[in-house]
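If you read the protein sequences in the order shown, they are chains Y and X. Residues in the first sequence are numbered consecutively from 1, following my numbering. Residues in the second sequence are numbered consecutively from 376, following my numbering. In what follows, a structure is listed as structure tokens, so that the remarks can point back to it.
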Amino acid sequence: MALVRNWQLGRDMSYWYPEARPTRQFAAVFDINKCIACQTCTLACKTTWTSGRGQEYMLWNNVESKPYGFYPLAWDVRLLDMLGAQRWEGSRYAGRTLFEAAPAGERVLGWRPDDLDYAHPNVGEDDCFGRIDRGAALSLPHAAWFFYLARICNHCTYPACLASCPRGSIYKRPEDGIVLVDQGRCRGYRECVKACPYKKVFFNPSTGTSEKCIACYPKIEQGEQPQCFVNCIGKIRLAGFVSVPEKARPDNPIDYLVHVRKVALPLFPQFGLEPNVYYIPPVHVPLPYLEQLFGPAVKGAVETYRRAPEDADLAGLLALFGSSQQVMPRWKRLGDTVLGLSEDGRELVRVPLREPVYVRAALDSVRGVVRTNVP
Amino acid sequence: MRKILAALLAAAACGCGSRPAPPLPEVIAFPRAALPDGPKDPAWTPVPAHVASLLLQDLVEPRQLTATTAALAVQAVHDGSRLALRLSWADPTVDDLPGASRFVDACAVQFPTVVTPDLPAPQMGEAGRPVTITAWRASWQASVDGRPDDITALYPRAHPDHYPFAAPSLPAGSAAQQAMERRYAPARALGNVMEGPRMSAVEDLVADGPGTLRTAPQQFSRGEGRRTADGWAVQLVRPLPDGVGPGRRGAVAFAVWEGSHQEAGARKMRTGWIPLAIREGP
């Protein structure tokens, strides 16, 4: 075991391999507040990558309702239960990571789902926490809550799948940090399936190997965002590259949201993998639940996000989400216009800070008919 | 242990009613004009067995810390150029169908590539001192025996909507259709046939340390596994190990994976090196 720096924990931690950060790290920000669980992302991924034999139950991308939705079943609560209660001291994690809590003979604390755990990807869909008594829907804020959590592989800085593979069949690309299973080398031991806390490595019984989200690397190599990003009709996703905090650049959109404004947070940072999909937390969910998912910084993130309408830079950057198929490594705001830029400053896309709103009169006086909202 | 030995010896005797020979202290390959035709060939009945106690694989991570399969009966014969081994062990569950949490029964036999008094590490050899391995899997056997590569093997009532490579526009079995089907099975497209349609129930492998296992450049072994009254019997046939001809001595090691215990890779029951004697004879 080596001692590595995990900035999400605010401390060093034990990992199976020494720290070896890629030249740049693929990362994403998902704005949970905008997700409507239409599953277009899920289908975009499914039809692109996992429509073969043995991939029938595989969803590299899924969207589940929290708190009662899981794919696979109980993926998070089961591991949280195994890990036991842990604590943060301010922004420093004082508990044990999955690597530090590994039992004897294992590299990672983990569990392997049963076949049937994958059988109900929509379990808990739209189930809310709290009772819906008479009239509850009329009061604000709502007493009951749920939200949609869209999930892909986190392409972690310290992947548990990679650490657990005794064959070294999983690797992290030095050029972009994307984590891949070498399909020519994997022998289907499923240590990675057991170790990944997010359960984003899947066994293919037809090929006998494990497979996972590849961050659409052929698109990333062309400077384009992955399928689940560009097909998102809610425009909740932005792909890019994240720096370590010391090298954060305000003109890097991911850095700005993660490091500068601290409005986007990793999912279950306490597991210790330094995941690289960052979530803007839902603003309507009780803090204790959010803190368990996103760590102690979640209160500040929610407050910052709530102020976005008065925050031209933050609102402007959020307007770039879903505005282009291309990865925008840089950005800037010019008054009421926001630009997505290439690495060398070339303009890729230009969007207004606020979309103009046009209101048509209800009556079409020319034709003498009442307009209706139909296509 | 006595019960296990009795069961293994009974298994080794093929259930043919003959009194089994007393167990051997090492693996001895007896000369035969012709090798048996499979693990259930009565020709195995009079061949004495070596009963190897199986150890936990607790040398490298991930470790096996719970004992499962206790022992393995090994019979061996040769025809002067080829070695036939019959491995039999008790296993009440048939695990031959891979799935997300379904692992398959398997066994393997390992030889040092070069026989020297100082043998390489028994757990997959070591750097610069490789071992050769012949492995058998129950799922490969099921495929060879005709089980289709289909989701309905796992879930009989499953009904996939559509596979792109099964579109009516592609004539079934055509070169274009087969090429497209391969593209949708990435491991297979790379020649890594861990499951799915297989021509052989065994694979020849080489390794020079834990985590280095790889398919051997040449495949020369044959094998067949069948259920016995209380477990598996597997016959493996391969050339005699290099430098271990009739009248010579070598070494051999074994491993068994119990699918119902989710054993795979390093999670297995194993032996250390066991002396191997190739008897001379007509």
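Note that CB positions come from ideal geometry on N, CA and C, so glycine has one too.
Start and end residues, alpha helix (DSSP H) containing residue i
i      : result
Y/R87  : Careful: Y/R87 lies outside any alpha helix (DSSP H) and carries neither H nor E.
Y/K219 : 217–221
Y/V302 : 298–306
X/E655 : X/E655 -> no alpha helix (DSSP H), and no H or E assigned at all.
Y/G316 : 312–320
Y/F70  : Y/F70 -> no alpha helix (DSSP H), and no H or E assigned at all.
Y/K46  : 40–49
Y/A195 : 191–195
Beta-carbon proximity list for residue i, same chain, < 8 Å, skipping 5 on both sides
i      : result
X/V568 : A562
X/P546 : Q552
X/A533 : I526, T527
Neighbour-count burial assignment, residue i, 16 or more Cβ in a 10 Å radius
i      : result
Y/T209 : buried
Y/E19  : exposed
Y/P356 : exposed
Y/G177 : buried
Y/I132 : exposed
X/V426 : buried
Y/R376 : Absent from the model: residue 376 of chain Y. The displayed extent of chain Y is 1 to 375, so no value can be given.
Y/L334 : exposed
Y/S164 : buried
Y/Y256 : buried
X/P535 : exposed
X/S463 : buried
X/F595 : exposed
X/M574 : exposed
Y/L3   : exposed
X/L440 : exposed
Y/L339 : buried
Y/Y93  : buried
Y/P281 : buried
X/D466 : buried
N-terminal and C-terminal residue of the beta strand (DSSP E) that residue i is part of
i      : result
Y/I233 : That residue, Y/I233, is in no beta strand (DSSP E); it is neither H nor E in DSSP.
Y/V29  : 25–31
X/Q553 : Here X/Q553 belongs to no beta strand (DSSP E); instead the alpha helix (DSSP H) covers 550–558.
Y/V349 : 347–352
X/C482 : 481–487
X/L580 : 577–582
X/T509 : 506–512
Y/Y289 : Element bounds for Y/Y289: not the beta strand (DSSP E) but the alpha helix (DSSP H), 287–294.
X/P561 : Where X/P561 is concerned, there is no enclosing beta strand (DSSP E), although the alpha helix (DSSP H) it sits in stretches over 561–564.
X/V619 : No beta strand (DSSP E) contains X/V619, which DSSP labels as neither H nor E.
Y/K332 : 330–334
Y/N150 : Rather than Asn, the amino acid found at residue 150 of chain Y in this sequence is Ala. Note, Y/A150: beta strand (DSSP E), 147–151.
Y/S378 : Nothing in the structure corresponds to residue 378 of chain Y, since chain Y is present only between 1 and 375.
Residues that residue i contacts on chain Y, provided the C-beta gap is smaller than 7 Å
i      : result
X/S476 : R112, P113, D114, D115
X/M371 : One cannot answer for residue 371 of chain X here, as it falls past the ends of chain X, which runs 376 to 657.
X/D493 : Chain Y residues near X/D493: none, gap ~26 Å exceeds 7 Å.
X/L529 : P205
Beta-carbon neighbours of residue i, restricted to chain X and to distances below 8 Å
i      : result
Y/A104 : R438, L440
Y/S51  : H537, Y538, P539, Y559
Interface partners of residue i on chain Y, CB under 8 Å
i      : result
X/P585 : P166
X/P473 : G188, F203, P205, G208
X/A533 : E56
Contacts of residue i in chain X (Cβ-Cβ under 7 Å)
i      : result
Y/Q183 : P561, A562, L565, N567
Y/F99  : Within 7 Å Cβ-Cβ: nothing; Y/F99 doesn't reach chain X, min ~12 Å.
Nonlocal neighbours in the same chain, by C-beta distance under 6 Å from residue i, ignoring five residues either side
i      : result
Y/F30  : A150, I236, R237, Y279
X/G656 : P406
Y/V277 : A28, N154
X/I508 : A483, Q485, L580
X/G622 : E655
Y/N61  : C41, T42, C45, I152, C228
Y/T48  : Q227
7 Å Cβ shell around residue i - same chain, five flanking residues per side excluded
i      : result
Y/P174 : P22, T23
X/R522 : A528
Y/M13  : V4, N6, T97, F99, E100, G272
Chain X residues whose Cβ lies nearer than 9 Å to that of residue i
i      : result
Y/R107 : E436, P437
Y/E191 : P437, A639, G640, A641, R642
Residue i: contacting residues in chain Y (beta-carbon distance under 9 Å)
i      : result
X/I526 : R53, G54, E56, Y57, P205, S206
X/D433 : G105
Residue i CB to nearest heavy atom of the ligand PLP below 7 Å
i      : result
Y/W145 : The ligand PLP is absent from the structure shown, which contains no ligands of any kind.
For the region 160–173 of chain Y, list every residue whose C-beta sits within 8 Å of some C-beta in chain X, in sequence order. S164, P166, R167, G168
When Cβ atoms are compared, which residues of the region 113–139 of chain Y fall closer than 7 Å to chain X? P113, D114, D115, Y118
Closer than 8 Å between beta carbons: that is the criterion. Which residues of the region 396–420 of chain X meet it against chain Y? Of all residues in the region 396–420 of chain X, none has a C-beta nearer than 8 Å to a C-beta of chain Y.
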